[in-house]
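Residue numbers (this note's numbering), protein chains in the order written: chain A, 1 to 375; chain B, 376 to 727. All C-beta atoms in this analysis are idealised placements derived from N, C-alpha and C, irrespective of residue type, glycine included. Report on one structure; see the data block that follows.
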Amino acid sequence: MARAGKTPARSKVARGTAPRPSDALSREQRLALYRYMRLTRSLEERLVALYRQTKVVGGLFRSLGQEADAVGSAFALEQRDVLSPLIRNLGAMLVKGATPLEVLRQYMAKGDSPTRGRELNIHFGDTDTRNFIGQISHLGDMVPVMAGVTLSFKLRGEDRVGLVYVGDGATSTGAFHEGINFAAVQRCPLVVIVENNGYAYSTPTHKQTAARQFVDKAIGYGITGVQADGNDVLAVYDVTREAVDRARNGGGVTLVELMTYRRKGHAEHDNQSYQPVDEIERWAEANDPIDRYMRVLREEQGVTDDEFDAMHAEIALTIDRATDEAEASPMPEPTDALVGVYADPPIIPPLWFRESVRSAVDANERAAGWGTYDG
Amino acid sequence: MNVLPDGGRMTVERAAANSVTGSGSKTPVERTYLEAIRDAMEEEMVRDPNVFLLGEDIGAFGGAFKVTDGLHARFGDDRVIDTPISEAGIVGAAAGAAHMGMRPIVELQFIDFISCAYDMLTNYVATARYRAFLPCPMVVRGPSGGYVRGGPFHSQNPEAAFLHTPGLKIVYPATAADAKGLMKAAIRDEDCVLFFEHKYLYRRIKDVMPEGDHVVPIGKARIAREGTDVSIVTYAATVWRALEAAEQLAAEDGISVEVIDLRSLLPLDDDAIVATVRKTNRLLIVHEDTRTGGIAGEITARVSETCFEWLDAPVLRVTAADVPLPYSPPLEDYVLPQTSDIVRAVRRLVAY
């Protein structure tokens with residue numbers, strides 16, 4: 001209940017007077033921020049429909065209400081920079097160039113999905129051109145990995161930075177501590193974003209840590225710590241951009257705590273019995289990141305209803321087409337399961353009882369090779 | 376010639392598989408097992424600027440066993456990196472650097488601490504290529520094994536804990552020449568290789584190093600001694616105890632023992648195992664690791680599946696007892712495989 005009684009956090013960046021990195025964003029870029037947030041939400045809504053049709057064969061994870069923190073932070077990176085998303089950072093991956101078609105194929109376990117049907121949901125990446133790395137389910141593990149990614153930038157003198165997301169829960173893991181400490185000591189060009197959405201599955205933050213706020217942990221690592229309103233996309237962009245610039249200029253690691261709220265369950269199956277209904281409703285009504293940003297765009301950029309409608313129509317069409325294409329995609333060939341565990345050997349030999357030619361035991365007689373090695 | 380000081384003089388007959396690149400020896404240089412590992416890393420660091428080291432106390436100090444001694448002076452802070460005490464952090468960072476094209480070599484101060492990085496190795500590193508097409512060319516190395524009065528946390532042989540993790544490779548050399556050749560192969564491999572070093576052998580054995588670029592392929596076993604009556608399949612320090620037992624059995628019983636040094640544990644050299652079983656029809660597997668769930672069990676299963684009709688006796692195992700490794704000499708010596716245990720097991724196989 002730690003967050004239940006709180007007013008939704010507001011940005012600590014004073015608005016109006018001091019220059020902000022987002023001041024330099026063009027109108028086109030500001031609309032792009034909106035489009036990524038809306039695309040995230042609409043794509044997840046489509047996934048819910050597909051989940052209910054059992055076409056999404058595994059779990060489904062939503063980022064409803066957290067679109068601003070994912071999109072605004074990833075928007076502060078250059079293409080050459082490397083991002084490590086978490087399960088609620090679909091928006092960040094879209095900013096980095098992940099496509100709705102990839103996401104749909106991935107959730108539907110298709111053979112031409114980015115992981116060829118091996119991994120679930122948004123656990124995929126691309127280190128060739130778009131520069132985001134697929135996460136694993138073990139929370140906190142991506143922090144040491146990104147420490148190493150950014151260590152390589154430092155060792156090679158490359159002008160690149162890394163950004164890794166963790167949730168409030170992951171800050172309790174050993175991997176988080178070891179990774180951020182390693183990166184801090186090495187002054188790696190790394191930004192660590194703690195998305196504080198109030199809950200780790202059903203566990204509220206006050207059962208996760210005795211610290212007053214997660215940003216305080218930065219002090220213990222000797223790094224810069226900043227906190228911002230995670231539902232204000234421009235505030236998120238500002239604070240992340242400053243951290244990215246600091247990393248790029250040799251200033252080392254920054255811990256960014258983004259205050260937000262998880263309006264859906266841990267996954268789609270979760271009935272959220274542990275979240276007060278009025279708490280969810282209050283955040284939805286008073287602090288929806290897309291609603292808030294629409295108001296900003298209308299008031300400050302003069303964006304019209306027609307412009308919004310056009311964007312929404314384009315997004316709907318994009319998702320419809322991607323859905324049709326993903327549904328038509330083939331499932332993987334079963335034997336593809338044996339490919340690519342190692343570079344060498346590239347294929348694991350099939351087990352004898354899976355070999356169509358040699359499964360002769362069914363005939364109640366000895367297989368040709370029984371008792372010998374190469375027969 | 377290799378000599379182990381504690382159990383009489385033992386000679387290794389080098390099989391052809393233990394290849395020597397080039398011939399025409401001029402001034403043969405003997406290097407210890409430990410120096411061979413250092414030489415391999417140093418030569419690879421010269422050859423490939425992406426190779427770098429990270430670990431605890433490995434910089435100017437040279438590491439707890441001095442395996443990296445002198446490398447910091449030669450290559451500097453950026454290529455020989457002292458790290459905080461955080462095995463998971465180090466292994467994870469190595470993985471991230473490897474994704475970006477580097478070739479990190481992680482030193483674990485004792486291999487016992489590899490368990491602190493178990494999650495990173497099994498969940499993250501081992502799956503990276505398969506689930507995400509992320510290359511993870513890295514080496515995780517460290518001093519392993521007992522017979523050194525190290526107690527429960529400085530004597531472990533945790534290789535079996537990783538044997539059933541697809542995506543990892545495991546090597547565990549028994550000779551100085553193999554230590555060098557396998558280290559070079561491990562550094563050049565496109566996947567993560569766990570490189571177990573037997574600390575008992577560090578300074579007790581030496582070899583004249585094969586000339587040239589000496590690389591021992593991963594996955595190929597070595598015939599350490601040829602024989603016709605009984606096969607002993609083993610690896611690491613117990614290769615030497617098996618050779619000692621073979622000498623004794625030849626002298627006292629006229630039994631001809633073949634000793635296979637596996638060198639690589641993942642992948643296992645099935646061809647070499649099958650060949651020796653077909654040749655002698657009797658198999659003893661020896662390892663220093665504990666018994667239950669150990670590699671001997673896996674080898675036994677494979678031999679049972681593929682060589683049942685070639686066996687003239689049950690497959691036997693000589694292993695450590697299923698206890699944490701104790702400190703006091705009478706306790707440690709009782710738990711770990713000794714030459715006399717191997718002699719006894721071979722006699723039992725022959726008498727069956």
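Is I223 (chain A) helix, strand or coil by DSSP? Here residue 223 (chain A) refers to the residue found at position 223 of the first sequence. The answer is coil: DSSP assigns I223 (chain A) none of H, G, I, E or B.
Can you confirm whether D494 (chain B), when its beta carbon is compared against all beta carbons of chain A, has any partner nearer than 8 Å? For the purposes of this step, residue 494 (chain B) is taken as the residue at position 119 of the second sequence. Taking Cβ atoms only, chain A reaches closer than 8 Å to D494 (chain B), which makes this a yes.
Over the uninterrupted alpha helix (DSSP H) stretch that includes K110 (chain A), give me the two end residues. Mapped onto the first sequence, residue 110 (chain A) falls at position 110. Run containing K110 (chain A): none; DSSP gives neither H nor E here.
Just to confirm before moving on: does the CB-CB distance between K217 (chain A) and A211 (chain A) stay below 8 Å? Position 217 of the first sequence, counted from the first residue, corresponds to residue 217 (chain A). Position 211 of the first sequence, counted from the first residue, corresponds to residue 211 (chain A). Contact: yes.
May I have the straight-line CA-CA distance separating A695 (chain B) from S42 (chain A), to the nearest angstrom? Counting from 1 along the second sequence, the entry for residue 695 (chain B) is found at position 320. Counting from 1 along the first sequence, the entry for residue 42 (chain A) is found at position 42. Going from the Cα of A695 (chain B) to the Cα of S42 (chain A) covers about 60 Å.
Determine, using beta carbons only, whether R366 (chain A) comes closer than 8 Å to chain B. Taking the first residue of the first sequence as 1, we reach residue 366 (chain A) at position 366. Model confidence at R366 (chain A) stands at a pLDDT of 41, short of 50, so the residue's coordinates are unreliable and nothing is read from them.
Closer than 8 Å to chain B by CB, R342 (chain A): The residue given as residue 342 (chain A) occupies position 342 in the first sequence. The residue you asked about is not Arg; residue 342 (chain A) is Tyr in the sequence shown. By this cut-off, Y342 (chain A) is an interface position.
Can you check whether the C-beta of D766 (chain B) is within less than 8 Å of a C-beta belonging to chain A? Since the first residue shown for chain B is 376 and the last is 727, residue 766 (chain B) is missing from the structure and cannot be characterised.
Taking only runs of the beta strand (DSSP E) that begin and end inside the region 531-614 of chain B, which ones reach a length of at least 3 residues, in chain order? 544-546, 568-573, 581-583, 597-600 and 605-609
Give me the chain A residues within the contact set of N498 (chain B), using Cβ-Cβ distance strictly less than 9 Å, ordered along the chain. The count along the second sequence starts at 1 and reaches residue 498 (chain B) at position 123. Within 9 Å Cβ-Cβ: I136, S137, H138 and D141.
Residues of chain A with a CB under 8 Å from the CB of L509 (chain B): which are they? On the second sequence, position 134 is the one that residue 509 (chain B) refers to. Per Cβ cutoff of 8 Å: G125, T127, I133 and G134.
Is the Cβ-Cβ distance between R506 (chain B) and T115 (chain A) less than 8 Å? Position 131 of the second sequence, counting from 1, holds the residue named residue 506 (chain B). Position 115 of the first sequence, counting from 1, holds the residue named residue 115 (chain A). Yes, these two residues count as a Cβ contact at 8 Å.
Can the beta-carbon of S73 (chain A) be found less than 8 Å from the beta-carbon of L155 (chain A)? Translated into positions along the first sequence, residue 73 (chain A) becomes position 73. Translated into positions along the first sequence, residue 155 (chain A) becomes position 155. The answer is no: Cβ separation not under 8 Å.
Closer than 8 Å by beta-carbon distance: list the chain B residues that pair up with S113 (chain A), in chain order. The sequence position of residue 113 (chain A) within the first sequence is 113, counting from 1. Near S113 (chain A) there are no residues of chain B at all, since even the closest Cβ is about 12 Å away, more than 8 Å.
Any C-beta of chain B sitting closer than 8 Å to the C-beta of V192 (chain A)? In the first sequence, the residue the question calls residue 192 (chain A) occupies position 192. Output row for V192 (chain A): interface = no.
Beta strand (DSSP E) segment containing P479 (chain B), residue limits: Taking the second sequence and counting its residues from 1, one reaches residue 479 (chain B) at position 104. Residues R478 to E482.
Best match in A:V226, A:T40, A:A328 and A:T17 for proximity to H312 (chain A) [C-alpha to C-alpha]: If you number the first sequence from 1, residue 312 (chain A) lands on position 312. Among A:V226, A:T40, A:A328 and A:T17, the Cα nearest to that of H312 (chain A) belongs to A:T40.
The beta strand (DSSP E) with I635 (chain B) in it runs from where to where? Counting from 1 along the second sequence, the entry for residue 635 (chain B) is found at position 260. Here the beta strand (DSSP E) through I635 (chain B) covers V632 to D636.
With 8 Å as the threshold, decide whether the Cβ of P705 (chain B) is near any Cβ in chain A. Taking the second sequence and counting its residues from 1, one reaches residue 705 (chain B) at position 330. Not closer than 8 Å to any Cβ of chain A, the Cβ of P705 (chain B) fails to qualify, so no.
Can you tell me which of the three DSSP states V253 (chain A) falls into? For the purposes of this step, residue 253 (chain A) is taken as the residue at position 253 of the first sequence. Three-state DSSP puts V253 (chain A) in coil, outside helix and strand.
With E405 (chain B) as the anchor, note down where its beta strand (DSSP E) starts and where it stops. Counting from one through the second sequence, the residue named residue 405 (chain B) turns up at place 30. Element bounds for E405 (chain B): E405 to T407.
Rounded to a whole number of angstroms, what is the C-alpha to C-alpha distance between I660 (chain B) and V693 (chain B)? Stepping through the second sequence from its first residue, residue 660 (chain B) is reached at position 285. Stepping through the second sequence from its first residue, residue 693 (chain B) is reached at position 318. C-alpha separation (whole angstroms): 6 Å.
Extent of the continuous beta strand (DSSP E) to which I456 (chain B) belongs: As a first step, residue 456 (chain B) is located in the second sequence; it is residue number 81 there, counting from the start. Segment V455 to D457, the beta strand (DSSP E) holding I456 (chain B).
The region 179-189 of chain A / the region 452-470 of chain B touching (three or more Cβ pairs under 8 Å): yes
Euclidean distance between Cα positions of R657 (chain B) and L624 (chain B): Indexing the second sequence from 1 puts residue 657 (chain B) at position 282. Indexing the second sequence from 1 puts residue 624 (chain B) at position 249. So the two alpha carbons sit approximately 15 Å from each other.
Does the beta-carbon of P85 (chain A) have 16 or more other beta-carbons within 10 angstroms, so that it is buried, or is it exposed? Position 85 of the first sequence, counting from 1, holds the residue named residue 85 (chain A). With 16 or more Cβ atoms within 10 Å of its Cβ, P85 (chain A) is classed as buried.
Within 10 Å of its beta-carbon, does Q66 (chain A) have 16 or more other beta-carbons around it, so buried, or fewer, so exposed? For this step, residue 66 (chain A) is matched to residue 66 along the first sequence. With 16 or more Cβ atoms within 10 Å of its Cβ, Q66 (chain A) is classed as buried.
Same chain, Cβ closer than 7 Å to R27 (chain A), five either side skipped, listed in chain order: The residue labelled residue 27 (chain A) in the question sits at position 27 within the first sequence. Contacts found: Q301.
Are L94 (chain A) and Y36 (chain A) closer than 8 Å when you measure CB to CB? For the purposes of this step, residue 94 (chain A) is taken as residue 94 along the first sequence, with counting starting at 1. For the purposes of this step, residue 36 (chain A) is taken as residue 36 along the first sequence, with counting starting at 1. Yes; because the gap between Cβ atoms is below 8 Å, this pair is in contact.
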